[in-house]
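Sequence lines, in order, name chains A and B.
Add 1431 to the 1-based position in the first sequence for my numbering, that's all there is to it.
Add 1431 to the 1-based position in the second sequence for my numbering, that's all there is to it.
Note that the Cβ used here is the ideal one computed from N, Cα and C, for glycine as well.
Take a look at the structure set out below.
2 protein chains.
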Amino acid sequence: MKTTIIGLGLIGGSLAKDLRKSRFATEITGVETNPAHTGQALELGLVDRIAPLEEAVKDTDLVIIAIPVDKEIEILPVILDNIGPGTTVTDMSSTKYEIIESVKNHKRRRNFVPAHPMSGTENSGPTAALEDLFRNKITIICDHADTGPQHLALVEKMFQTLGMNIAYMSADEQDHSTAYVSHLPHAAAFALANAVQDKEDRSIIFDLASGGFRSTVRLAKSSSTMWHPIFQQNRKYVVESLDVYIKHLHEFRDCLFNHDDNKLHELILNANKIRSILESENPHLVKNEEKLVKLYTK
Amino acid sequence: MKTTIIGLGLIGGSLAKDLRKSRFATEITGVETNPAHTGQALELGLVDRIAPLEEAVKDTDLVIIAIPVDKEIEILPVILDNIGPGTTVTDMSSTKYEIIESVKNHKRRRNFVPAHPMSGTENSGPTAALEDLFRNKITIICDHADTGPQHLALVEKMFQTLGMNIAYMSADEQDHSTAYVSHLPHAAAFALANAVQDKEDRSIIFDLASGGFRSTVRLAKSSSTMWHPIFQQNRKYVVESLDVYIKHLHEFRDCLFNHDDNKLHELILNANKIRSILESENPHLVKNEEKLVKLYTK
Chain A
1432 MKTTIIGLGL IGGSLAKDLR KSRFATEITG VETNPAHTGQ ALELGLVDRI APLEEAVKDT
1492 DLVIIAIPVD KEIEILPVIL DNIGPGTTVT DMSSTKYEII ESVKNHKRRR NFVPAHPMSG
1552 TENSGPTAAL EDLFRNKITI ICDHADTGPQ HLALVEKMFQ TLGMNIAYMS ADEQDHSTAY
1612 VSHLPHAAAF ALANAVQDKE DRSIIFDLAS GGFRSTVRLA KSSSTMWHPI FQQNRKYVVE
1672 SLDVYIKHLH EFRDCLFNHD DNKLHELILN ANKIRSILES ENPHLVKNEE KLVKLYTK
Chain B
1432 MKTTIIGLGL IGGSLAKDLR KSRFATEITG VETNPAHTGQ ALELGLVDRI APLEEAVKDT
1492 DLVIIAIPVD KEIEILPVIL DNIGPGTTVT DMSSTKYEII ESVKNHKRRR NFVPAHPMSG
1552 TENSGPTAAL EDLFRNKITI ICDHADTGPQ HLALVEKMFQ TLGMNIAYMS ADEQDHSTAY
1612 VSHLPHAAAF ALANAVQDKE DRSIIFDLAS GGFRSTVRLA KSSSTMWHPI FQQNRKYVVE
1672 SLDVYIKHLH EFRDCLFNHD DNKLHELILN ANKIRSILES ENPHLVKNEE KLVKLYTK
């Protein structure tokens, strides 16, 4: 199948590896504006050729968009303008509502399958691409009733090929949930990195940083090019989640400051419950689409 | 060498493994009040025997205290009361100032080497014990001028046997730095776990939790028995670090809320600098004691 991948960074590059290996994609065209990334992607064999956007989407079966959300919102209408009636378009980005809104009246809206695979690392660029990055992870498909059934089926098949489980949600609900489980942890890590650098001599952090500090602050390494636009597009829910988080931090701080030991103990025990959520090896994800729609759609 | 380990959890158990394997300890006596842990420690061969506290510290070369800081502050004077003049006592706990204060006028104060190895996991108990938990990590020795040189030398030799680098600080400075690089990340993770559980349906977190969420919230699994007393003993600096963190979160939140894009971009770029701090494979730690004293002591 002819596949076009727009953006050959961590996500686009990892997709290229898995889709080629599984023979889901037999011919991969890449679109990439960064000349260094273009060279690396060809050298690593991620794509067969590089082409300009309009040409790359004109005569292809599947277009996958894997670029920062501010760039995506600019070029998604251009892509839909240039594809034929049979081409499927999907995306990989962390925000969905504004992106879908931007093309809601486009005549090719039903060719578009808005998606968000919940996987990544804090690294970027084609050299960061990994095989099996998506295996056993979850992907969200949004507002699937607004997509043509053939286009939906093809993208579902692609995610199944990658080894992913699929959840179906409204775009609003995906942006709300993702604010809490992904965008807030990133904002918390950025602020923690700034707080610690604000206070401590760098060489002391460097020497004392234990495993706990490293894991908590890991996401603070994430690229601004990708994350700044995510925060902007999901502003409402990220601000809401930050307000909830700051409220909980204040509560913790005040219990400690006021020697309210019983309450502090309770807060820690409640936080500990996250263990049972995180440690299950086999997510209880319901794979039947109807049930998922019930589970996740208001 | 006869060694007594008080507390056979993650830290005490891991010490027992490494000290026995390296033959630093030839005979290990354990003190443990939890009957389940006693059985596990004997079964795992971590210790040769279990004895009551007074008996276990009476005729031994080295006593290592590896219990929660509230328990330690209760029994440290009892230990110093019961040892002979030649016995060395050290500890492994995350707070130092209040513990040292509690025995500052004890006649055996110079037998005590206050220490804090910066290593651990979010798990606890003898079955969580790991070989090589301490290798290539840093340990802090506090107020070393108040310790007799032979006792200091023995504990330094023990940490070198474990493969650790040693930093020398005042107890106040260790508590201040540790608040930022260890206690604050734990408080931040506890509050994040509570914020996310407050908002979202558990099954949604369960399914959507990606690697980023998991790493940021990992420390929220840490045991209350250990962490609650740490927060209490280091109350002043943990509250200070939480205030600094909350200030940075507010700044981030306000930039986003007020569409202050330039400032938000700056905040993310500044946070990204943590990458260079965390990614060095070879900490530039100065191993010469004199230089470390200069580096770390005010």
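Inter-residue distance for residue 1610/B and residue 1671/B is about 9 Å (C-alpha atoms, whole angstroms). For residue 1491/A, no Cβ of chain B is located within less than 9 Å of the residue's own Cβ.
When secondary structure is reduced to three states using DSSP, residue 1670/A falls in the helix class. Between the segment 1550-1558 of chain B and the segment 1511-1522 of chain B there are fewer than three inter-stretch CB-CB distances shorter than 8 Å, so the stretches are not counted as touching. Counting only the Cα atoms, residue 1668/B lies some 33 Å from residue 1666/A. Where residue 1466/B is concerned, the enclosing alpha helix (DSSP H) starts and stops at 1466-1474.
Counting along the chain, residue 1547/B sits inside the beta strand (DSSP E) bounded by residues 1546-1548. Within the segment 1575-1598 of chain B, the residues whose Cβ lies closer than 9 Å to some Cβ of chain A are 1596, 1598, listed in chain order. Sequence-ordered contacts of the segment 1610-1629 of chain B with chain A read 1611, 1612, 1613, 1615, 1616, 1617, 1618, 1619, 1620, 1621, 1622, 1623, 1624, 1625, 1626, 1627, 1628, 1629 [C-beta pairs closer than 8 Å]. At least one CB atom of chain A sits nearer than 9 Å to the CB of residue 1702/B.
Contacts with chain B at 9 Å (Cβ-Cβ) do not include residue 1470/A.
Residue state for residue 1536/B is assigned as coil, using DSSP reduced to three classes.
The beta carbon of residue 1438/A sits closer than 6 Å to those of 1497, 1498, all from its chain and outside the five residues before and after it, given in chain order. Assignment of residue 1685/A by DSSP, reduced to helix, strand and coil, places it in the helix class. Per DSSP, the continuous beta strand (DSSP E) segment holding residue 1600/A begins and ends at 1596-1600. Between the C-alpha atoms of residue 1473/A and residue 1564/A there is a straight-line separation of about 20 Å. Annotated three-state conformation of residue 1699/B is helix, per DSSP. If the five residues before and after residue 1543/B are omitted, its C-beta is found closer than 6 Å to the C-beta atoms of 1520, all from its own chain and listed in chain order. Of the candidates 1442/B, 1478/B, 1436/B, 1469/B, the residue whose Cα lies closest to the Cα of residue 1485/B is 1436/B. The beta carbons of residue 1641/B and residue 1549/A sit closer together than 9 Å. When only Cα atoms are considered, residue 1616/B and residue 1460/A end up about 44 Å apart. It is roughly 15 Å from the alpha-carbon of residue 1687/B to the alpha-carbon of residue 1700/B. Residues of chain A with a Cβ closer than 8 Å to the Cβ of residue 1677/B are, in chain order, 1677, 1680, 1681, 1684. Per DSSP, reduced to three states, the secondary structure at residue 1577/B is helical. Secondary structure of residue 1485/B (DSSP, three-state): helix. Look at residue 1498/B here: in three-state DSSP terms it is coil, with no helix or strand label.
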